[in-house]
Amino acid sequence: MSTWLMPYGDLTPEQQRAVLFTPDRHRVIFGGPGSGKTMILLHRAAQLVRERHVAPGRFRIFVFTNVLKEYIRSALELLGLSEDCILTYDHWCNLYYTEHIGGRLPWNGRGPDYGAIRNEVFRHAQMNGAATPAYDFILVDEGQDLDPVSFETMKLVSRHVTVSMDHKQQIYDNGASEETIMRELGLNKRNMTVLGAYRCCPYIVKLASTLLPEGEERDSYLSQSHTDQTERQTPLLYYASDRHDELDRLAAAIRTRQTGGDRIAVFLPTNQLVYSYASELKKRGIDLEVQRAREGAAFMPLDFSSDRPKVMTYHSAKGLTFDSVLLPNLGKDWFPRAKWPDIERLLFVGITRATKWVFLSSREDGAFKPLEKIVPLATQGSLSIQRAGERSQGNRSSGSEQPEDENIIDIL
Numbered sequence: 001m002s003t004w005l006m007p008y009g010d011l012t013p014e015q016q017r018a019v020l021f022t023p024d025r026h027r028v029i030f031g032g033p034g035s036g037k038t039m040i041l042l043h044r045a046a047q048l049v050r051e052r053h054v055a056p057g058r059f060r061i062f063v064f065t066n067v068l069k070e071y072i073r074s075a076l077e078l079l080g081l082s083e084d085c086i087l088t089y090d091h092w093c094n095l096y097y098t099e100h101i102g103g104r105l106p107w108n109g110r111g112p113d114y115g116a117i118r119n120e121v122f123r124h125a126q127m128n129g130a131a132t133p134a135y136d137f138i139l140v141d142e143g144q145d146l147d148p149v150s151f152e153t154m155k156l157v158s159r160h161v162t163v164s165m166d167h168k169q170q171i172y173d174n175g176a177s178e179e180t181i182m183r184e185l186g187l188n189k190r191n192m193t194v195l196g197a198y199r200c201c202p203y204i205v206k207l208a209s210t211l212l213p214e215g216e217e218r219d220s221y222l223s224q225s226h227t228d229q230t231e232r233q234t235p236l237l238y239y240a241s242d243r244h245d246e247l248d249r250l251a252a253a254i255r256t257r258q259t260g261g262d263r264i265a266v267f268l269p270t271n272q273l274v275y276s277y278a279s280e281l282k283k284r285g286i287d288l289e290v291q292r293a294r295e296g297a298a299f300m301p302l303d304f305s306s307d308r309p310k311v312m313t314y315h316s317a318k319g320l321t322f323d324s325v326l327l328p329n330l331g332k333d334w335f336p337r338a339k340w341p342d343i344e345r346l347l348f349v350g351i352t353r354a355t356k357w358v359f360l361s362s363r364e365d366g367a368f369k370p371l372e373k374i375v376p377l378a379t380q381g382s383l384s385i386q387r388a389g390e391r392s393q394g395n396r397s398s399g400s401e402q403p404e405d406e407n408i409i410d411i412l
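In this note's numbering, the protein residues as written are 1 to 412.
The following block contains the structure:
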């Protein structure tokens, strides 16, 4: 299942150095999408356990979503790590609250009040945890989306904390800035910025870069991509005439990518759209898996050992990797209560989950500001644009079912 996990010997020298950082002080590792941050943390956990004889109950790895936990499950087996060591930070807080504080978890009417639980856990750890830390080390993936009090708590309950982060992928408003994280951990600067190991092909890097602010941040991101352009097919932006046309084109693109053996994901803004699009794609003959698919009364995790396309929300996509990513239904009305910068960060996260190819689709009616930034790539040969009733020529350019012609038509 876990072909994404590279052996330690295949990591770059820079990645290996991050794995081997001594735990004599806290660490912060910065790296963009595809730089191997999750691999670094997993190999680092295995190395610390092995070299320092850390018992299974004396360390934790915090990931941001349960989907990511399922994704990396077999990597734990390959590295000799127990599944019990990895969980989301909020799940850990719930367990801590139940064990050490007791009583019913704080509730906000719809479910657990995670902010209140985090604060209660911090206060308890502040009074009881610093003298005898519960853990030898804690490793944190996607640290930019945790709030500042989370890092204060981790510092209290663990002798060592390593955080990996990328502020470009911060998609929650209450997430901590890089400066805040370093201040909470008593650091003056990043320990390392992981460069030169980005998984995304140049077409995808160019596409994602349009969603970053112009200037130093965008230039830095573009300069850090050293992956060869082995995929001849440019990303495709499809303007559908209506929902049925969009779904037909989406299904056709999935079938084409499946013939090449791609691992495929479809990302949507809400759970409602996830179930709606999954249902319609199944009607069109696509055998797929849905985020939190229901079996009887229980919610079942996604099976990442399966090659079936996965359909999930953008928020659940963090940390995952696929060959092809499809982003349909791009319109402001479908990103509820989100401001344009928030939408662009979500699209950045979604696009950079792909290593080879990206499909985007929208309707003819109404402007969608992020697409206005993306469209100019067509004049540079880095994007194909297609409208309903007009077929790009060639499988390699558009994902259509016409593999014999390699030419492309960019329709502006």
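All residues carry an ideal CB built from backbone N, CA and C; glycine is no exception. Keep in mind it's a predicted model, so treat the numbers as computed, not measured.
- Residue environment for THR355: buried (at least 16 other C-beta atoms within 10 angstroms of its C-beta).
- Under the three-state reduction of DSSP output, PRO269 falls in the coil class, being neither helix nor strand.
- Shown here, GLY143 sits in a helix according to DSSP, grouped into three states.
- Annotated three-state conformation of GLU289 is strand, per DSSP.
- In this structure, the alpha-carbon of ALA253 lies about 28 Å from that of SER35.
- Contact between PRO269 and VAL358 does not hold, since the beta-carbon distance rounds to 16 Å and is not under 8 Å.
- Here the stretch 153 to 160 lies against the stretch 118 to 129, with 3 or more beta-carbon pairs under 8 Å apart.
- The beta carbons of ILE29 and ASN191 sit closer together than 8 Å.
- Non-local beta-carbon contacts of PHE21 in its own chain, meaning distances under 6 Å to residues more than five positions away in sequence, involve ARG27 in chain order.
- The stretch 335 to 351 makes no contact with the stretch 276 to 288; the number of CB pairs closer than 8 Å stays below 3.
- Under the three-state reduction of DSSP output, SER82 falls in the coil class, being neither helix nor strand.
- The C-beta separation of GLN291 from SER316 comes to about 6 Å, placing the pair in contact by the 8 Å criterion.
- Boundaries cannot be given for LYS318, as no alpha helix (DSSP H) includes it and DSSP labels it neither H nor E.
- In this structure, TRP340 lies near LYS369, with their beta-carbon atoms less than 8 Å apart.
- Secondary structure note for ALA240: its beta strand (DSSP E) is the uninterrupted segment 236 to 240.
- DSSP links LYS310 through a beta bridge to ALA265 and GLU289.
- If one requires a minimum length of 4 residues, the alpha helix (DSSP H) runs lying completely within the stretch 147 to 231 are 148 to 157, 178 to 184, 202 to 209 and 216 to 223, in chain order.
- If you ignore the 5 residues before and after ASN94, its C-beta comes within less than 8 Å of the C-beta of LEU105, PRO112 and ILE117, all in its own chain and listed in chain order.
- Here ILE264 has ILE254, ARG257, GLN258, PRO309, LYS310, PHE322, ASP323, SER324, VAL325 and LEU326 as same chain residues with Cβ atoms under 8 Å from its own Cβ, once five neighbours each way along the sequence are excluded.
- By the beta-carbon neighbour count (other beta carbons within 10 angstroms, threshold 16), GLN272 is exposed.
- A straight line joining the alpha-carbon of TYR114 with that of LEU76 spans about 27 Å.
- Secondary structure in the stretch 30 to 63: the beta strand (DSSP E) runs of 3 residues or longer, each lying completely within the stretch, are 59 to 63 in chain order.
- The three-state secondary structure of THR355, taken from DSSP, is strand.
- The three-state secondary structure of PHE335, taken from DSSP, is coil.
- Annotation: ARG387 is outside any alpha helix (DSSP H); the continuous beta strand (DSSP E) that includes it extends over 384 to 387.
- Around the Cβ of HIS43, a 10 Å sphere holds 16 or more other Cβ atoms; the residue is buried.
- Excluding residues up to 5 positions away in sequence, ASP113 lie with their Cβ nearer than 8 Å to the Cβ of TRP107 in the same chain.
- Taking TYR172 as the centre and dropping the five residues before and after it, the same chain places the C-beta of ASP145 closer than 8 Å to its C-beta, in chain order.
- PHE304 carries a coil assignment under DSSP once its states are collapsed to helix, strand and coil.
- Counted as a single uninterrupted DSSP element, the alpha helix (DSSP H) harbouring HIS124 occupies residues 114 to 128.
- The C-alpha of LEU250 lies about 20 Å from the C-alpha of SER382.
- Within the stretch 3 to 31, the complete alpha helix (DSSP H) segments at least 4 residues long are 13 to 19, listed from N- to C-terminus.
- Here GLU142 is not near VAL19, since their CB atoms are 8 Å or more apart.
- Look at ILE72 here: in three-state DSSP terms it is coil, with no helix or strand label.
- The beta carbon of TYR239 is closer than 8 Å to those of SER361, SER362, ARG363, GLU364, ILE385, GLN386, ARG387 and ALA388 in its chain, skipping five residues each way along the sequence.
- As computed with DSSP, ARG363 is found in a beta bridge with ALA240.
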